[in-house]
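Undergrad: Sharing a structure below in structure tokens format, with a few things to ask.
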Amino acid sequence: MNHITRLHIYPFTPAAIRRLNDAGFPVIVVTNQSGAGRGFFPESLIGEVHDRIRQDLAVSGARIDAFYACPHRAEDGCECRKPCTGMLQRAAREHAVALAGSWVVGDRQADVDLAHNAGARSIFVLTGYGRGEYEWHSRNWPHPPEFVVENLAAAVDRILERESADAAERDAAHRATMTRGGAR
Ligand SMILES: [Zn+2]
């Protein structure tokens, strides 16, 4: 967006983020903002928007742990512009996050490719640019996302379902190991 007045947070977003907070997931935003590099808006707007998002979410008890923005243009050849993994690598270092166990939720093909490049899993949401990208381009995606869902609330449903299924599987494997150990 090119002005703070264009910021609108979907009504379901704060509760969805709060569920991730409560489940102990770090919630991190990585965003391409080449409009700054192109001079469409000042780079200071990026921080202004992120501060406003923080404040609006805080009212509902939701928290984003960190924001990373790439202000460069595609032709600058930086390592942070999605689908390059620079921002995720930095987030992983600064927040002790394992990318292999992480999820990327996004509305652009670059987000799905980012997840693939970083060894993370991805969920594509149909809000924002999502529905158009999905209808017109998903047939040609080299790496399909793990899930395609209506919005962030549904994405969080999938993440929490999958995480509890994975945890149950780990428990079962652990119990099986213990049983075998006991039999020896
Ligand atoms: Zn960059």
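Quick note: the sequence shown uses our numbering, first residue -10, plus one each step. In this text, a Cβ means the ideal position worked out from N, Cα and C, and glycines have one as well.
In whole angstroms, what separates the C-alpha of G50 from that of V94?
TA: Counted from its first residue, the sequence shown places residue 50 at position 61. Counted from its first residue, the sequence shown places residue 94 at position 105. Taking the straight line from one Cα to the other gives about 21 Å.
Undergrad: Looking only at its own chain, which residues have a Cβ that is under 8 Å from the Cβ of V38, when we skip the five neighbours before and after it?
TA: In the sequence shown, counting from the first residue as 1, residue 38 sits at position 49. Excluding positions up to five away in sequence, the list reads M(-10), I(-7), L(-4).
Undergrad: Considering only residues of the same chain and omitting the five flanking positions on each side of N21, which have a CB-CB separation below 6 Å?
TA: Here the question's residue 21 lines up with position 32 in the sequence shown. Counting only Cβ-Cβ distances below 6 Å, and skipping sequence neighbours, we find C59, R70, K71.
Undergrad: Less than 8 Å separating the beta-carbons of D102 and V114?
TA: To locate residue 102, count along the sequence shown from 1; it is residue 113. To locate residue 114, count along the sequence shown from 1; it is residue 125. Not a contact, by the Cβ cut-off of 8 Å.
Undergrad: What runs of the alpha helix (DSSP H), each 4 residues or longer, lie entirely inside the region 20 to 103?
TA: List check, alpha helix (DSSP H) in window: 23 to 26, 33 to 48, 75 to 84.
Undergrad: If you follow the alpha helix (DSSP H) that R8 is part of, which residue opens it and which one closes it?
TA: Numbered from its first residue, the sequence shown carries residue 8 at position 19. Unbroken alpha helix (DSSP H) run through R8: 2 to 11.
Undergrad: Return helix, strand or coil for V18, following the three-state DSSP convention.
TA: On the sequence shown, residue 18 is found 29 positions in, with the first residue counted as 1. Three-state result, V18: strand.
Undergrad: So, at 7 Å on beta carbons, what are the nonlocal neighbours of F29 in its own chain, with the 5 sequence-adjacent residues on each side left out?
TA: Looking up residue 29 in the sequence shown gives position 40. If we look at F29 and ignore the five residues flanking it on each side, its Cβ neighbours are N(-9).
Undergrad: What does DSSP give as the partner residue(s) for V114 in the beta ladder?
TA: For the purposes of this step, residue 114 is taken as the residue at position 125 of the sequence shown. BP columns for V114 point to V138.
Undergrad: What do you reckon, are the CB atoms on A104 and A80 nearer than 8 Å?
TA: Position 115 of the sequence shown, counted from the first residue, corresponds to residue 104. Position 91 of the sequence shown, counted from the first residue, corresponds to residue 80. Their beta carbons are not under 8 Å apart, which means A104 does not touch A80 by this criterion.
Undergrad: For G75, which residues of its own chain have a beta-carbon under 6 Å away from its beta-carbon, when the five flanking residues on both sides are left out?
TA: By one-based count along the sequence shown, residue 75 stands at place 86. Within the same chain, G75 has close Cβ partners E68, C69.
Undergrad: Measure the Cβ-Cβ separation of G26 and R62 and say whether it is below 8 Å.
TA: Working through the sequence shown from its first residue, we reach residue 26 at position 37. Working through the sequence shown from its first residue, we reach residue 62 at position 73. Against a cut-off of 8 Å, the Cβ pair of R62 and G26 comes out as a contact.
Undergrad: With distances taken between CB atoms, is the gap from P15 to V86 smaller than 8 Å?
TA: What you label residue 15 is simply residue 26 of the sequence shown in a count that begins at 1. What you label residue 86 is simply residue 97 of the sequence shown in a count that begins at 1. Taking 8 Å as the Cβ cut-off, P15 and V86 qualify as a contacting pair.
Undergrad: On a Cα-Cα basis, can you pick out the residue from G121, P3, G24, T168 that is closest to E64?
TA: The residue labelled residue 64 in the question sits at position 75 within the sequence shown. Comparing Cα positions, the closest option is G24.
Undergrad: Since A12 and L149 are thought to touch, with beta carbons under 8 Å apart, how far apart are those beta carbons, to the nearest angstrom?
TA: The residue you call residue 12 lines up with position 23 of the sequence shown. The residue you call residue 149 lines up with position 160 of the sequence shown. With 8 Å as the limit, A12 and L149 qualify as a contact, their Cβ atoms being about 6 Å apart.
Undergrad: Give the range of the alpha helix (DSSP H) segment to which H126 is assigned.
TA: One-based indexing of the sequence shown puts residue 126 at position 137. Taken as a continuous stretch (DSSP letters only), the alpha helix (DSSP H) holding H126 covers 119 to 126.
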